[in-house]
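Numbering (mature numbering (1 follows the signal peptide of the UniProt record, and there is no 0)) for the sequence shown: -21 to -1, 1 to 398. Even glycine gets a Cβ: it sits at the ideal position worked out from N, Cα and C. Here the structure is a predicted model, which is why all the values come from computation and not from measurement.
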Amino acid sequence: MNSKWITAIAFAGLAAQQAHAEELTISCGAVGAELQLCEEGVNAWEDKTGHTVQIVSTPNSSTERLSFYQQILSAQSGDIDVMQIDVIWPGLLANHLVDLKKHLGDDVTKEHFDAIVQNNTVDDRLVAMPWFTDAGVLYYRKDLLKKYDAEPPETWQELTETARRIKQAEREAGNGDMWGYVFQGRAYEGLTCNALEWIASSGGGTIVNDKGEITIDNPQAAEALDMAASWVGDISPNGVLNYTEEQARGVFQSGNAVFMRNWPYAWSLAQSEESEVRNKVGVVALPHGEGNESAATLGGWNLAVSRYSENPELAVDLVKHLTSKQEQKRRAIEASYNPTIASLYQDEDVIDAVPFFKTLYPAFTNAVARPSASTGSKYNRVSNNFFNAVHNVLSGNQSGAEAVSQLKNELSRIKRRRW
């Protein structure tokens, strides 16, 4: 065939491809490594499909980002096709999101942690695909436990006793700033996460169950809150009542706490060159009550497709690519993002790059979701009432039994307006 004809046909084919190329929009990170990883994943999809993707800037604050999403979705705007959403948002945004199973089939989630899949399923609709995950873990000082011939605690009672013993011994040895246990005790979403772990691991349920029934008013929940209140001023500083993740990490990383509850992000910071506890830190699953199992509150982020997208099929395909095993493996190796695909925690390449993932795996398999799917648009009010009730107990203003009884009444009033 004449070379001119070949060239003409090639150009015609390219022109046809470009004529059918579409542009999508995605919000998938605000700054730094998170944004860069998203850009790299998006670029790979663009190269594969010939379509283009514009990354939309969104607020870094979770609260502000949620407000931004709610504004554009309420206006039924198609300005953003694919949205990165927090693990507690599926119930809040479900009515505005595409059912991904209709496009990807029932097997699309079979490799992902079940707790995340259930969290992202609202009224039998998969409204978001798991992307990366998080769960609470217990950090401990390996050197101090060895010094005092102690083992990492398996129960909350063991944690209390070990923390008290080592704190007292270290203070007698001259470290007057030593504490036994630090956690997130401020009245905010982080306290919801901590308190849910205490209660669920003591057999007290999850505040509201997956059927939308209020379950918080029970003896196990009350006792778990009383237990935590007993820590304040004993193994935990009074200031813990105003601690977020960073305040707790600051105390632990400066060498002044035996144990700390935090998210996996604190591991790499504890191992940094400027850390006072570098190479002295171990991580295990959170303790549990007698006769129960460890429970770590589920965290993390997912990808969802707006119902108002003009290209929903393409948007779903982009989500499929970004949440694929190959992409999650890349993100894990390059930036230590926790995969939502269980098999990657046994992947040799991943473990070589991030040995810490072996420790995290049990926490993710035992993760407990906050009741955002079952309470829908009312979740924020449910959580606010819950963490304020818990904070009252920690502050000594109420007993656990008084708090859960009052909380049940408050949640019942919210439920009467439907969730």
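How many whole angstroms separate the CB atoms of residue i and residue j, which I take to be in contact at a CB cut-off of 8 Å?
i, j, result
"residue 117", "residue 260", "That belief does not hold up - the Cβ atoms of residue 117 and residue 260 are roughly 11 Å apart, past 8 Å."
"residue 280", "residue 111", "6 Å"
"residue 354", "residue 183", "Not really, about 17 Å apart at Cβ, beyond 8 Å."
"residue 70", "residue 352", "5 Å"
"residue 468", "residue 237", "No statement about residue 468 is possible, as the shown extent of the chain runs from -21 to 398 and does not include it."
"residue 115", "residue 63", "Their Cβ separation, rounded to whole angstroms, is 21 Å, which puts residue 115 and residue 63 out of contact at 8 Å."
"residue 295", "residue 96", "At roughly 16 Å, the Cβ-Cβ gap does not stay under 8 Å, so residue 295 and residue 96 are not in contact."
"residue 289", "residue 57", "5 Å"
"residue 138", "residue 160", "7 Å"
"residue 357", "residue 398", "4 Å"
"residue 44", "residue 73", "With a Cβ gap of about 17 Å, residue 44 and residue 73 do not count as contacting."
"residue 240", "residue 162", "4 Å"
"residue 264", "residue 92", "No, residue 264 and residue 92 are not in contact; Cβ-Cβ is about 15 Å, not under 8 Å."
"residue 75", "residue 396", "That pair is no contact at about 20 Å."
"residue 186", "residue 365", "6 Å"
"residue 203", "residue 178", "5 Å"
Using a Cβ-Cβ cutoff of less than 8 Å, which residues in the same chain neighbour residue i once the five nearest sequence positions on both sides are dropped?
i, result
"residue 298", "61, 79, 108, 282, 283, 284"
"residue 218", "226"
"residue 164", "170, 173, 211, 215, 219, 220, 221, 222, 370, 373"
"residue 385", "368, 377"
"residue 269", "134, 136"
"residue 47", "37, 38"
"residue 312", "328, 329, 332, 333"
"residue 267", "133, 134, 135, 180, 181, 273, 274"
"residue 10", "39"
Quick check on residue i: does DSSP put it in helix, strand or coil?
i, result
"residue 349", "coil"
"residue 398", "coil"
"residue -15", "Unreliable positioning characterises residue -15 in this predicted model, as indicated by a pLDDT of 43, which lies under 50. The coordinate reading is nonetheless provided below. Helix at residue -15."
"residue 111", "strand"
"residue 416", "Because the chain here runs from -21 to 398, residue 416 falls outside it and cannot be looked at."
"residue 413", "Outside the shown range of the chain (-21 to 398) lies residue 413, about which nothing can therefore be said."
"residue 63", "strand"
"residue 91", "strand"
"residue 393", "helix"
"residue 370", "helix"
"residue 403", "Only positions -21 to 398 of the chain appear in this structure, which leaves residue 403 out of reach."
"residue 85", "helix"
"residue 100", "strand"
"residue 33", "strand"
"residue 45", "helix"
"residue 193", "strand"
"residue 16", "helix"
"residue 105", "strand"
"residue 76", "strand"
"residue 69", "helix"
"residue 10", "coil"
For residue i, I'd like the list of residues in its chain whose CB is within less than 6 Å of its CB, leaving aside the five on either flank, ordered along the chain.
i, result
"residue 380", "201"
"residue 94", "277, 346, 348"
"residue 143", "159, 214"
"residue 101", "69, 70, 73, 352"
"residue 306", "20"
"residue 149", "157"
"residue 413", "The chain is shown from -21 up to 398; residue 413 falls before or after that span and cannot be answered."
"residue 304", "320"
Tell me which same chain residues have a C-beta within less than 7 Å of the C-beta of residue i, skipping the five on either side of it?
i, result
"residue 21", "5, 32, 34"
"residue 255", "232, 233, 234"
"residue 360", "393"
"residue 51", "58, 59"
"residue 314", "12, 16"
"residue 18", "34"
"residue 53", "none"
Does the region 126 to 133 come close enough to the region 151 to 171 that 3 or more CB-CB pairs lie under 8 Å? no
At 4 residues or longer, and completely inside the region 203 to 265: list those alpha helix (DSSP H) runs for me, N to C. 224 to 232, 244 to 249
Whole runs of the beta strand (DSSP E) within the region 150 to 178, excluding any shorter than 3 residues: 158 to 161
Which residue spans inside the region 275 to 358 form an unbroken beta strand (DSSP E) run of at least 3? 275 to 284
Flag this pair as touching only if the region 33 to 45 and the region 317 to 337 have three or more C-beta atom pairs under 8 Å; answer yes or no. no
Counting pairs of beta carbons, one from the region 271 to 280 and one from the region 341 to 351, are three or more of them closer than 8 Å? yes
Count the C-beta pairs between the region 286 to 304 and the region 82 to 89 that are closer than 8 Å, then say yes if the count reaches three, no if not. yes
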